[in-house]
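Chemist: In the UniProt record's numbering, the protein residues as written are 1 to 297.
(1) Applying the 10 Å Cβ sphere with the 16-neighbour rule, what's the burial state of residue 169?
(2) In the structure shown, what three-state DSSP assignment does residue 194 receive?
(3) Sort out for me which residues DSSP pairs residue 182 with in a bridge.
(4) Considering only C-alpha positions, which residue in the set 92, 234, 81 is nearest to residue 187?
(5) Return helix, strand or coil for residue 131, following the three-state DSSP convention.
(6) Applying the criterion that 16 or more other CB atoms from any shown protein chain within 10 Å of the CB defines a buried residue, is residue 122 buried or exposed?
(7) If you count every other CB in all the chains shown that lies within 10 Å of the CB of residue 214, and 16 or more means buried, which is it?
(8) Quick one: which unbroken alpha helix (DSSP H) runs of 4-plus residues sit fully inside the region 82-159? Chain order, please.
(9) To the nearest whole angstrom, what separates the beta carbons of residue 223 and residue 158, a pair I think is in contact under 8 Å?
(10) Under 6 Å Cβ to Cβ from residue 162, same chain only, skipping five residues before and after it: list those, please.
(11) Within this structure, are the beta carbons of residue 206 and residue 172 separated by less than 9 Å?
(12) Going straight from the alpha carbon of residue 128 to that of residue 106, what length do you get?
(13) Would residue 126 be called buried (16 or more neighbouring beta carbons within 10 Å of its own) or exposed?
(14) Determine the burial state of residue 216: buried for a count of at least 16 other Cβ atoms within 10 Å of its Cβ, exposed for fewer.
(15) Is the beta carbon of residue 167 sitting closer than 9 Å to the one on residue 82?
(16) Please report the distance separating the alpha-carbon of residue 72 from that of residue 280.
(17) What separation, rounded to the nearest whole angstrom, lies between the Cα atoms of residue 218 and residue 190?
(18) Does the distance from the CB of residue 153 to the CB of residue 203 come in under 9 Å?
(19) Which residues in the same chain as residue 342 place their Cβ atom closer than 6 Å to its Cβ, once the five residues preceding and following it in sequence are excluded?
(20) Helix, strand or coil, according to DSSP, for residue 222 in the structure here?
(21) What is the DSSP secondary structure of residue 201, reduced to helix, strand or coil?
(22) Can you pull the DSSP bridge partners for residue 213?
(23) Report the CB separation of residue 114 from residue 135 in whole angstroms; it is logged as a contact under 8 Å.
(24) Within its chain, find whatever has a CB closer than 8 Å to the CB of residue 178; leave out the 5 residues flanking it on each side and keep chain order.
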């Protein structure tokens, strides 16, 4: 037997005011059907407005874009071969990196000396408050220099065989060299990172986090291979080298030369991307054939 507030018998109350009261609350039910084991009827009118699942074409495009970010077996083989044979052609070099190296070395020595001052003060019965202050100050300096100076790019090289894999060299906190390998698809064009590149540009990566970037100086630099550098830097390369093309014939010839160089690099990008997708589809097709053979067995 279901017992609800609507079925309560209220003595000495007229039925008319009670009915008006229920009309004033728009016929609200005070007992939920789920309390008595009944499942309420769910509205279905919102189902038509729900977004439908993506079709197979969109899913395939997303999968191809995700797979294009992965290194293929041929690219890994080219990288390992270039590393083993040291077959790298430098395209960018920062001439002021010697100063960065000395700053990192001095920062390391200063931080280590400040840490050693505390036990020395204790052993000689000297007040330790100056040593603690020196340690705090050196820690702040160490963190600041580590945050920025370990991101400065010293040299960028491209593999000699395919000219599609870049090796980016930058220092560690101990002033030793670190290398990061990337393709031109992994590096965002500098023109998209900032409208005006002056002094230092941020080199961001498509597969990295927001704070995953390197600092690329634009002054006191040397561009060795202008075509390969244009593929990597894009139109922002004009801030690195003021003499990309000779200007003796006037600005019109300069613009035509830049446009020709841009078209050549765009064609190279399209060709490399087409080859990569063709290889990826061929590998996927081989995997599907092997799966079908196993299923028939």
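Positions of the beta carbon are idealized from the N, C-alpha and C atoms, including for glycine. Keep in mind that this is a model prediction, so the values were computed, not measured.
Modeler: The relevant details are as follows:
(1) As a first step, residue 169 must be located in the chain shown, where it is residue number 169. Buried.
(2) Translated into the one-based positions of the chain shown, residue 194 becomes position 194. With a pLDDT of only 49 at residue 194, under the threshold of 50, the placement of this residue in the model should not be trusted; the figure read from the coordinates follows. It is coil, neither helix nor strand.
(3) Numbered from its first residue, the chain shown carries residue 182 at position 182. Looking at the DSSP assignment, residue 182 forms a beta bridge with 166.
(4) Within the chain shown, numbered from 1, the residue matching residue 187 stands at position 187. Closest by alpha carbon: 234.
(5) Mapped onto the chain shown, residue 131 falls at position 131. Helix at residue 131.
(6) To locate residue 122, count along the chain shown from 1; it is residue 122. Its Cβ having fewer than 16 others within 10 Å, residue 122 is exposed.
(7) Position 214 of the chain shown, counted from the first residue, corresponds to residue 214. So residue 214 ends up on the buried side.
(8) 97-123, 129-149
(9) Taking the chain shown and counting its residues from 1, one reaches residue 223 at position 223. Taking the chain shown and counting its residues from 1, one reaches residue 158 at position 158. Actually they do not touch by this definition, with Cβ atoms about 12 Å apart.
(10) Start at 1 with the first residue of the chain shown, and residue 162 comes out as number 162. Result list for residue 162: 78, in chain order.
(11) Numbered from its first residue, the chain shown carries residue 206 at position 206. Numbered from its first residue, the chain shown carries residue 172 at position 172. Taking 9 Å as the Cβ cut-off, residue 206 and residue 172 do not qualify as a contacting pair.
(12) Mapped onto the chain shown, residue 128 falls at position 128. Mapped onto the chain shown, residue 106 falls at position 106. So the two alpha carbons sit approximately 23 Å from each other.
(13) Here the question's residue 126 lines up with position 126 in the chain shown. Exposed, since its Cβ has fewer than 16 Cβ neighbours within 10 Å.
(14) As a working mapping, residue 216 is identified with position 216 in the chain shown. Buried, since its Cβ has 16 or more Cβ neighbours within 10 Å.
(15) The residue given as residue 167 occupies position 167 in the chain shown. The residue given as residue 82 occupies position 82 in the chain shown. In contact: residue 167 and residue 82 (Cβ atoms closer than 9 Å).
(16) Position 72 of the chain shown, counting from 1, holds the residue named residue 72. Position 280 of the chain shown, counting from 1, holds the residue named residue 280. Using only the alpha carbons, I get a separation of about 8 Å.
(17) On the chain shown, position 218 is the one that residue 218 refers to. On the chain shown, position 190 is the one that residue 190 refers to. Each residue's alpha carbon lies about 11 Å from the other.
(18) Looking up residue 153 in the chain shown gives position 153. Looking up residue 203 in the chain shown gives position 203. It is a contact, given that the beta carbons lie within the stated cut-off.
(19) Past the boundaries of the shown model lies residue 342; the chain is included only from 1 to 297, so the question cannot be answered.
(20) Looking up residue 222 in the chain shown gives position 222. DSSP places residue 222 in strand when its eight states are reduced to three.
(21) In the chain shown, residue 201 corresponds to position 201, counting from 1. It is a strand residue.
(22) Indexing the chain shown from 1 puts residue 213 at position 213. For residue 213, which the question treats as bridged, DSSP gives the partners 204.
(23) Residue 114 sits at position 114 when you count from the first residue of the chain shown. Residue 135 sits at position 135 when you count from the first residue of the chain shown. Correct: roughly 5 Å between the Cβ atoms.
(24) Here the question's residue 178 lines up with position 178 in the chain shown. The answer, listed in chain order, is 169, 170, 171, 172.
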